[in-house]
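In the working numbering, the protein residues as written are 1 to 153.
Notes to accompany the following structure.
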């Protein structure tokens with residue numbers, strides 16, 4: 001049986017095929033309730049654990065992160081986006097669904113676009129093939145988004 005999805009088949013197809021995802025690719029469902037995990041697994045995608053420590057370098061980094069960042073302030077969203085980008089493989093894509101402040105994504109390097117489908121706003125950022133650490137991604141986040149630096153004693 002095909003799992004249900006809040007998005008239409010056309011929108012889901014646009015998300016997956018538009019980013020050239022194929023069975024076996026690694027993805028991350030970063031929605032609060034894991035709303036896309038079942039459909040991703042049904043389609044043969046390898047779903048990463050959302051609780052894994054960001055920035056961990058291992059051979060299976062996701063090529064695609066799909067997130068619904070509900071109820072986050074611009075500062076919190078910026079920090080969270082930096083964390084998701086730190087998990088992406090080089091050349092990967094982050095897609096935000098109905099982000100409260102989609103402009104936050106423009107502070108990060110990469111190719112971004114925004115579109116509307118099924119009454120939802122999608123904002124994507126495809127990063128370059130350059131490998132960056134989680135700390136480097138945090139440097140691109142909004143001013144003040146970095147944790148305070150404590151001087152050495």
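Beta carbons: idealized from backbone N, C-alpha and C, even for Gly.
Under the three-state reduction of DSSP, which class applies to residue i: helix, strand or coil?
i	result
residue 135	helix
residue 108	coil
Quick one: is residue i buried, meaning 16 or more other Cβ sit within 10 Å of its Cβ, or exposed?
i	result
residue 42	exposed
residue 133	exposed
residue 128	exposed
residue 116	exposed
residue 48	buried
residue 73	exposed
Determine the extent of the alpha helix (DSSP H) in which residue i is found, giving its start and end residues.
i	result
residue 40	37 to 42
residue 13	9 to 18
residue 80	74 to 87
State the start and end residues of the unbroken beta strand (DSSP E) segment that holds residue i.
i	result
residue 124	120 to 126
residue 30	26 to 30
residue 93	93 to 97
residue 66	64 to 67
Using a Cβ-Cβ cutoff of less than 8 Å, which residues in the same chain neighbour residue i once the five nearest sequence positions on both sides are dropped?
i	result
residue 70	32, 98, 100
residue 63	19, 21, 25, 26, 27, 88, 89, 91, 92, 93
residue 113	123, 124
Could you tell me whether the Cβ atoms of residue i and residue j are closer together than 8 Å?
i	j	result
residue 122	residue 95	yes
residue 86	residue 137	yes
residue 93	residue 124	yes
Note down, in chain order, each residue of its chain lying with its Cβ closer than 7 Å to the Cβ of residue i, except the 5 sequence neighbours on either side.
i	result
residue 120	97, 98
residue 156	Lying before the first or after the last residue shown, residue 156 is absent from the chain, which here runs from 1 to 153.
residue 140	82, 107, 108, 109
Which residues in the same chain as residue i place their Cβ atom closer than 6 Å to its Cβ, once the five residues preceding and following it in sequence are excluded?
i	result
residue 36	29, 66
residue 91	129
residue 3	38, 39, 42
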